[in-house]
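S.K.: I have a structure I would like to understand better, so I am pasting it below and will then ask my questions one at a time.
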Amino acid sequence: MYISRTLEAFFQNAEGQFPVLLVTGARQVGKTTLLQHLSEAKRSYVTLDDPLVLGLAKEDPALFMQRFPAPLLIDEIQYAPGLLPYIKMEADRQRKPNLFWLTGSQQFHLMKGVSESLAGRVGIVYLMGLSRRELEGQNQESRPFLPIQNDIQERLKGAESLSLKALYRLIWRGSFPAIALDVQMDRDLFYGSYVQTYLQRDVHDLARVGDEMAFLRFIRAAAARTGQMLNLTELGRDADVATNTAKNWLSILQASGMAYLLEPYHTNITKRLVKRPKLYFLDTGLCAYLTEWSSPETLEAGAMSGAILETWIMGELLKGYRHNGRPAPFYYYRDKDQKEIDLLILKDGMLYPLEFKKTASPGKKDIRHFQALQRLKLPVGPGGIICLAEQSLPLGASVQSIPVSAL
1 MYISRTLEAF FQNAEGQFPV LLVTGARQVG KTTLLQHLSE AKRSYVTLDD
51 PLVLGLAKED PALFMQRFPA PLLIDEIQYA PGLLPYIKME ADRQRKPNLF
101 WLTGSQQFHL MKGVSESLAG RVGIVYLMGL SRRELEGQNQ ESRPFLPIQN
151 DIQERLKGAE SLSLKALYRL IWRGSFPAIA LDVQMDRDLF YGSYVQTYLQ
201 RDVHDLARVG DEMAFLRFIR AAAARTGQML NLTELGRDAD VATNTAKNWL
251 SILQASGMAY LLEPYHTNIT KRLVKRPKLY FLDTGLCAYL TEWSSPETLE
301 AGAMSGAILE TWIMGELLKG YRHNGRPAPF YYYRDKDQKE IDLLILKDGM
351 LYPLEFKKTA SPGKKDIRHF QALQRLKLPV GPGGIICLAE QSLPLGASVQ
401 SIPVSAL
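For reference, each letter of the sequence shown is one residue, going 1 to 407 in the numbering used here.
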């Protein structure tokens, strides 16, 4: 069953502008499915997961290009980066858009080749797992989020309400299409296989990580810290690796689409702001599996309950921007006085503050740190608390509660 993706509209607009389009993102988020759905009948498809095809691409890329002429969809391009100069030559020869569609799961191996070989010729779009709107068949309703009252009311009109139980079941199963769309699929079996594939192919083959068990310990330690400020020393200690190794491995998690670092907002005006990023796992189902929560109920009642909800909210907000082809202008705020704001959205020079809370009854105390933004000397727009409330209500001047169903 194909689920329409928000990215379709942006991709179809971009295909008329570039000779090469690359869809990147983690394994199993639906990159190939999306492109095959959009592909016209005359576009050939070839996957570099096929050992025979991969051998040809590596040993004789010129012959590969003759055998598979454009328009062409090449799956898992990162396994044969030597093809990229030949794709560039063919794009320069034909001088027209929409020749090659590429997918890639490992940016850490791929992006250097893309930037060197295809500069100015490639449009890069980022696909994440299914958003809640996509799961509900409202892919066109998934758009970049701002806490503006009229926009929130419009979002709530077409949205289904989420009970606590339904929300944490959604969080616990995650957003990979294979498991999100098939309630019969065994969750532990899916994620166990996913992690094994990730370790054996992406990490071992491309990142040259020798000790898979140490890397698995590192992934588990990182998952346990989702929603927290990054401390590489502690992360390395828990995985029993050096801090430099932890830093290198974290970059692998980032570039392979498993983790996201939310940078702190700071200016040169003030030196009192904390400058460490916050770490988020991009799929809450994988995060819950790695941290060994056996059911949605135990996850909701457990120690990670608030952090995993914050992680899910962050993921939904990211999808709203990335699936519309826009960079996410996201930051968080924390100063030396321990005043923290979960998210700042910077749009056209204005800051929009947001808090994430696992509560159905938010109060003014939850937005008390918003006043700290005055020291940044920037205009501050409407703000809100994304929470479990059933309706949006004012909490102060231009601040309101925002139900998670508005995402």
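All residues carry an ideal CB built from backbone N, CA and C; glycine is no exception.
Here the structure is a predicted model, which is why all the values come from computation and not from measurement.
Does the distance from the CB of residue 52 to the CB of residue 64 come in under 7 angstroms?
M.R.: As a first step, residue 52 must be located in the sequence shown, where it is residue number 52. As a first step, residue 64 must be located in the sequence shown, where it is residue number 64. By the CB criterion at 7 angstroms, residue 52 and residue 64 fall outside the cutoff.
S.K.: Determine the closest residue to residue 194 out of 344, 179 and 35, with distance taken between C-alpha atoms.
M.R.: The residue labelled residue 194 in the question sits at position 194 within the sequence shown. When only C-alpha atoms are compared, the closest one is 179.
S.K.: Report, in whole angstroms, the separation of the C-beta atoms of residue 259 and residue 232, which I expect to be a contact under 8 angstroms.
M.R.: Sequence index remark: in the sequence shown, residue 259 carries index 259 (1-based). Sequence index remark: in the sequence shown, residue 232 carries index 232 (1-based). Contact flag wrong, Cβ pair sits at about 13 angstroms.
S.K.: Which partner residues of residue 340 appear in the DSSP bridge assignment?
M.R.: As a first step, residue 340 must be located in the sequence shown, where it is residue number 340. Paired residues: 334.
S.K.: Any heavy atom of the ligand SAH closer than 6 angstroms to the beta-carbon of residue 182?
M.R.: The ligand SAH is absent from the structure shown, which contains no ligand whatsoever.
S.K.: Measuring CA to CA, which of 279, 293, 5 and 219 is closest to residue 330?
M.R.: Counting from one through the sequence shown, the residue named residue 330 turns up at place 330. Minimum Cα distance to residue 330 is reached at 279.
S.K.: Please go through the same chain and pick out, in chain order, the residues whose beta-carbon is closer than 7 angstroms to the beta-carbon of residue 305, but skip the five residues on each side of it.
M.R.: By one-based count along the sequence shown, residue 305 stands at place 305. So the qualifying residues of the chain are 299 and 358.
S.K.: Would you call residue 182 buried or exposed, if buried means 16 or more other Cβ atoms sit within 10 Å of its Cβ?
M.R.: Here residue 182 is taken as the residue at index 182 of the sequence shown, counted from 1. With fewer than 16 Cβ atoms within 10 Å of its Cβ, residue 182 is classed as exposed.
S.K.: Rounded to a whole number of angstroms, what is the C-alpha to C-alpha distance between residue 212 and residue 200?
M.R.: Against the sequence shown, residue 212 aligns to sequence position 212. Against the sequence shown, residue 200 aligns to sequence position 200. Cα-Cα distance, rounded: 8 angstroms.
S.K.: Does DSSP put residue 195 in a helix, in a strand, or in coil?
M.R.: Here residue 195 corresponds to residue number 195 of the sequence shown, with the count starting at 1. Helix at residue 195.
S.K.: Between the alpha carbons of residue 104 and residue 255, how many angstroms are there, rounded?
M.R.: Position 104 of the sequence shown holds residue 104. Position 255 of the sequence shown holds residue 255. Cα to Cα, the separation comes out at about 11 angstroms.
S.K.: Just to confirm my understanding: we take residue 32, look at its own chain, exclude 5 residues before and 5 after, and list those with CB closer than 7 angstroms. What are they?
M.R.: One-based indexing of the sequence shown puts residue 32 at position 32. Its chain contains 75 and 103 as the residues whose beta carbon lies nearer than 7 angstroms to that of residue 32, once the 5 sequence neighbours on both sides are disregarded; these appear in chain order.
S.K.: For the structure I just gave you, are there three or more beta carbon pairs, one from the stretch 282-298 and one from the stretch 167-175, closer than 8 angstroms?
M.R.: Output reads yes: the stretch 167-175 touches the stretch 282-298.
S.K.: Can you pull the DSSP bridge partners for residue 6?
M.R.: Counted from its first residue, the sequence shown places residue 6 at position 6. In the DSSP output, where bridge partners are listed per residue, residue 6 has none listed.
S.K.: Let's see if you can read the secondary structure: which residues bound the alpha helix (DSSP H) around residue 61?
M.R.: Taking the sequence shown and counting its residues from 1, one reaches residue 61 at position 61. Where residue 61 is concerned, the enclosing alpha helix (DSSP H) stretches over 61-67.
S.K.: Three-state secondary structure (DSSP) at residue 374?
M.R.: Here residue 374 refers to the residue found at position 374 when the sequence shown is read from its first residue. It is helical.
S.K.: Taking the alpha carbon of residue 41 as the point to measure from, which residue in 24, 70 and 16 has its own alpha carbon closest?
M.R.: If you number the sequence shown from 1, residue 41 lands on position 41. Looking at the Cα atoms, 70 is the closest of the given residues.
S.K.: What's the call for residue 369, buried or exposed, on a 16-neighbour Cβ count within 10 Å?
M.R.: One-based indexing of the sequence shown puts residue 369 at position 369. Residue 369 should be labelled buried.
S.K.: Which residue from 385, 265 and 405 puts its Cα closest to that of residue 377?
M.R.: On the sequence shown, position 377 is the one that residue 377 refers to. Nearest C-alpha to residue 377: 265.
S.K.: Taking the beta strand (DSSP E) that residue 314 falls in, what are its first and last residues?
M.R.: Position 314 of the sequence shown, counting from 1, holds the residue named residue 314. Residue 314 -> not in any beta strand (DSSP E); alpha helix (DSSP H) instead, spanning 305-322.
S.K.: Specify the secondary structure class of residue 365 as computed by DSSP and reduced to three states.
M.R.: Within the sequence shown, the letter at position 365 stands for residue 365. In the structure shown, residue 365 sits in a helix (DSSP, three-state: H, G or I).
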